[in-house]
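J.: Protein sequence lines, in the order shown, are assigned to chains A and B. Counting the first sequence from 1 gives a position; the numbering used here is that position plus 71. Counting the second sequence from 1 gives a position; the numbering used here is that position plus 5. Here a beta-carbon is modelled for each residue, glycine too, at the ideal position from N, C-alpha and C. Before I ask anything, here is the structure I am working with.
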Amino acid sequence: AQSVTQPDIHITVSEGASLELRCNYSYGATPYLFWYVQSPGQGLQLLLKYFSGDTLVQGIKGFEAEFKRSQSSFNLRKPSVHWSDAAEYFCAALTNSGYALNFGKGTSLLVTP
Amino acid sequence: EAGVAQSPRYKIIEKRQSVAFWCNPISGHATLYWYQQILGQGPKLLIQFQNNGVVDDSQLPKDRFSAERLKGVDSTLKIQPAKLEDSAVYLCASSSDRGRTYEQYFGPGTRLTVT
């Protein structure tokens with residue numbers, strides 16, 4: 072079955088430290104992949120997406136993600152975290168039928184001073 | 006450009022009551038989605054419309070949930086009767102078919118509490 076897995080439920084980082092959020096997918100072929108961020112009381116906002124080509128993709132707010140086919144991973148990174156980055160982060164893949172999104176369970180990011 | 010609008014933002018009902026949520030997508034977006042997000046989980050697709058036709062409703066509990074998209078624009082999601090396990094945030098999203106970007110734009114959601 073098609074699935075998206077985010078192994079880390081919670082992650083805590085210090086402000087200014089680097090960040091990596093993990094995402095693994097299980098699909099027959101390479102799916103279209105997305106990272107969304109959800110701040111409290113807000114809707115989901117697209118950070119970046121990968122369809123094909125360069126495996127390192129740049130997104131908004133200084134985020135980037137690297138697609139690794141051999142590891143079935145699409146990890147999100149940021150070199151220096153700001154307190155405003157505290158939020159819930161969701162990895163998602165496009166379904167084969169209808170092009171809806173199949174989401175992981177999310178990783179909650181806490182940023183400490 | 007106005008975003009996806011949803012109302013109400015919050016709703017508290019008792020079990021076995023009915024409730025309806027409304028969504029107005031971004032102007033010109035042909036595809037509209039309803040997702041259910043239970044606390045601590047990622048959003049799960051309930052139903053997808055293309056214009057006013059249903060593309061996918063395989064995960065919609067049809068014995069209690071119904072949805073329609075009026076004239077291919079606004080959409081309403083209804084629950085009747087509600088159960089405790091329906092407590093969740095209901096997210097509406099829309100996307101444009103032009104350019105095959107597959108980007109979905111989400112509304113702020115409706116938080117439903119069933120007591």
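Taking the beta strand (DSSP E) that D125(A) falls in, what are its first and last residues?
T.: From DSSP, D125(A) is part of no beta strand (DSSP E); its letter is neither H nor E.
J.: Under 7 Å Cβ to Cβ from T83(A), same chain only, skipping five residues before and after it: list those, please.
T.: The residues are L181, T183.
J.: Per DSSP, which residues does C28(B) bridge with? Please list them.
T.: DSSP lists Q11(B), S80(B) as partners of C28(B).
J.: In chain A, which residues lie less than 7 Å from F111(B) when you measure between Cβ atoms?
T.: The contacting residues are G114, L115.
J.: Check whether the Cβ of Q53(B) lies closer than 7 Å to any Cβ atom in chain A.
T.: So yes, Q53(B) belongs to the interface.
J.: Is I80(A) helix, strand or coil when you go by DSSP?
T.: DSSP places I80(A) in coil when its eight states are reduced to three.
J.: Using a Cβ-Cβ cutoff of 7 Å, what residues of the region 167–184 of chain A are near chain B? List them in chain order.
T.: The region 167–184 of chain A vs chain B, Cβ under 7 Å: S168, G169, Y170, A171, L172, F174, G175, K176, G177.
J.: If we ignore side chains and look at the alpha-carbon of each, how far apart do D61(B) and D156(A) end up?
T.: Computed Cα separation, rounded: 34 Å.
J.: Please state the DSSP three-state secondary structure of K132(A).
T.: DSSP places K132(A) in helix when its eight states are reduced to three.
J.: By how many angstroms is the C-alpha of G77(B) removed from the C-alpha of G58(B)?
T.: Computed Cα separation, rounded: 8 Å.
J.: Taking the Cβ atom as the reference point for each residue, do F111(B) and A98(B) lie within a distance shorter than 7 Å?
T.: A contact, by the Cβ cut-off of 7 Å.
J.: Identify the continuous beta strand (DSSP E) that holds I52(B) and give its terminal residues.
T.: Residues 49–55.
J.: Would you mind stating whether F174(A) and A163(A) have Cβ atoms separated by less than 7 Å?
T.: Yes; because the gap between Cβ atoms is below 7 Å, this pair is in contact.
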